Amino acid sequence: MKLAALEYNVLSSESVVMMNADDCLELGVGPDDRVRIAGGSSAVSTVAITDFLVRKGTIAMPSYVLDRCSAEDGGQVDVTYSPMPGSIRSLKRKIEGGKLDSEAMGSIVADIMAGNLSDKEILAFVSAFNVNNADLEEVAYLTRAMADTGTVVDFGVKPVFDFHSLGGVPGNKITPIVVSIVASEGLTIPKLSSRAVSSACGTADLVDTFCDVEMDSESLKAAVRRNGGVFACGNEDYAPVGTKIIKAERPLGIDCAAPRFAWKLTGDGRNVKQTAWRLAL
Numbered sequence: 168m169k170l171a172a173l174e175y176n177v178l179s180s181e182s183v184v185m186m187n188a189d190d191c192l193e194l195g196v197g198p199d200d201r202v203r204i205a206g207g208s209s210a211v212s213t214v215a216i217t218d219f220l221v222r223k224g225t226i227a228m229p230s231y232v233l234d235r236c237s238a239e240d241g242g243q244v245d246v247t248y249s250p251m252p253g254s255i256r257s258l259k260r261k262i263e264g265g266k267l268d269s270e271a272m273g274s275i276v277a278d279i280m281a282g283n284l285s286d287k288e289i290l291a292f293v294s295a296f297n298v299n300n301a302d303l304e305e306v307a308y309l310t311r312a313m314a315d316t317g318t319v320v321d322f323g324v325k326p327v328f329d330f331h332s333l334g335g336v337p338g339n340k341i342t343p344i345v346v347s348i349v350a351s352e353g354l355t356i357p358k359l360s361s362r363a364v365s366s367a368c369g370t371a372d373l374v375d376t377f378c379d380v381e382m383d384s385e386s387l388k389a390a391v392r393r394n395g396g397v398f399a400c401g402n403e404d405y406a407p408v409g410t411k412i413i414k415a416e417r418p419l420g421i422d423c424a425a426p427r428f429a430w431k432l433t434g435d436g437r438n439v440k441q442t443a444w445r446l447a448l
């Protein structure tokens with residue numbers, strides 16, 4: 168179905184587009200169904216239906232959806248029904264107490280990254296780990312899949328060291344001390360730290376009070392060449408899926424160990440090429 172794209176200025180935690188009820192009836196979609204919107208590229212969004220806010224032949228969407236499907240305000244897009252992602256079957260298997268293999272975990276992470284899963288579905292995925300737990304293999308599968316979605320930084324030196332804690336109040340105190348000591352001995356330790364996940368203040372929040380921690384990969388490499396050690400924020404460049412999971416968790420305040428641990432390893436350094444590790448629990 169060809170529709171005219173209309174940008175609307177609404178900030179939402181989820182990717183939601185508005186369509187006229189007549190167009191939805193013709194397309195065969197109902198409230199909360201998914202549609203694929205194709206311009207120069209394509210994006211999947213959830214549908215909200217209205218009788219009068221959007222006229223027939225028009226689809227209203229926030230600016231970030233316009234950008235994702237490479238469309239322009241007033242331009243034409245192709246809208247089709249999008250079925251439930253295949254990864255939902257894997258998600259249901261985990262909810263029912265099953266174990267996820269590498270392929271299943273990878274499909275879930277890929278759909279989170281692509282925006283094919285809603286925040287409700289991501290929250291269900293996280294909640295399944297709270298109810299049924301995860302073994303070390305599942306954590307490893309999740310960590311690898313999350314790391315593959317982010318930027319991997321190669322510093323061109325060996326060995327490269329790292330330091331990890333599981334976060335919380337102690338983590339933002341010990342990490343700056345340990346990293347500074349290691350760097351002072353001439354060792355390479357680019358420390359990517361998270362902002363607050365399980366406490367009011369993460370390591371990146373603490374360090375950000377006295378220096379800038381937002382760095383892209385080139386700035387990170389330049390700082391390491393200059394100093395050997397560096398504190399930087401493990402932002403969306405390095406762990407984009409982890410950021411999406413945290414956003415979905417926030418409304419209910421859920422803090423599940425397995426996804427958090429995987430995110431800590433990706434956002435805090437799994438996406439740095441290393442030959443030596445120091446893991447503090």
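Using this note's numbering, read the sequence shown as starting at 168 and increasing by one per residue.
Quick reminder that beta carbons are idealized off the backbone N, C-alpha and C, glycines included.
Note that the structure is predicted; figures quoted are calculated from it, not measured.
Helix, strand or coil, according to DSSP, for residue i in the structure here?
i           : result
residue 261 : helix
residue 409 : helix
residue 449 : Because the chain spans 168 through 448 in this model, residue 449 falls outside it and cannot be assessed.
residue 288 : helix
residue 414 : helix
residue 340 : helix
residue 328 : coil
residue 200 : coil
residue 444 : Here residue 444 scores only 48 on pLDDT, less than 50, and its place in the model is too uncertain to base an answer on.
residue 240 : coil
residue 179 : coil
residue 295 : helix
residue 352 : coil
residue 191 : helix
residue 367 : coil
Between the Cα of residue i and those of the options, spot the shortest distance and give me the residue it belongs to.
i           : options            : result
residue 356 : 371, 272, 388      : 388
residue 400 : 379, 233, 315      : 379
residue 353 : 371, 370, 395, 374 : 395
residue 419 : 240, 294, 259      : 294
residue 243 : 371, 409, 173      : 173
residue 323 : 290, 288, 373, 392 : 392
residue 189 : 218, 386, 240      : 218
residue 245 : 292, 320, 207      : 207
residue 301 : 314, 264, 182      : 264
residue 359 : 397, 375, 327, 385 : 397
residue 386 : 320, 254, 406      : 320
residue 304 : 267, 282, 274, 292 : 267
residue 307 : 259, 269, 222      : 269
residue 314 : 410, 247, 183, 287 : 410
residue 228 : 251, 344, 203, 351 : 203
residue 384 : 289, 368, 318, 261 : 318
residue 200 : 221, 247, 168      : 247
Assuming the contact rule is C-beta atoms closer than 8 Å, residue i and residue j should be a hit. Round their C-beta distance to whole Å, please.
i           : j           : result
residue 272 : residue 312 : 5 Å
residue 210 : residue 232 : 6 Å
residue 316 : residue 214 : Actually they are not in contact, since the Cβ atoms of residue 316 and residue 214 sit about 26 Å apart, beyond 8 Å.
residue 216 : residue 198 : 6 Å
residue 127 : residue 183 : No answer is possible for residue 127: it lies beyond the span of the chain, which begins at 168 and ends at 448.
residue 277 : residue 236 : So it is not a contact: roughly 18 Å between Cβ atoms.
residue 254 : residue 285 : 12 Å between Cβ atoms; not a contact.
residue 377 : residue 349 : About 19 Å; that fails the 8 Å criterion.
residue 224 : residue 171 : 6 Å
residue 290 : residue 415 : 5 Å
How is the alpha helix (DSSP H) around residue i delimited, first residue to last?
i           : result
residue 384 : 384 to 394
residue 274 : 269 to 281
residue 221 : Careful: residue 221 lies outside any alpha helix (DSSP H) and carries neither H nor E.
residue 303 : 303 to 314
Note the first and the last residue of the continuous beta strand (DSSP E) segment covering residue i.
i           : result
residue 359 : 356 to 360
residue 171 : 169 to 174
Can you pull the DSSP bridge partners for residue i?
i           : result
residue 464 : What is shown of the chain runs 168 to 448, which leaves residue 464 out entirely.
residue 214 : 184
residue 398 : 358
residue 227 : 173, 185
residue 249 : 201
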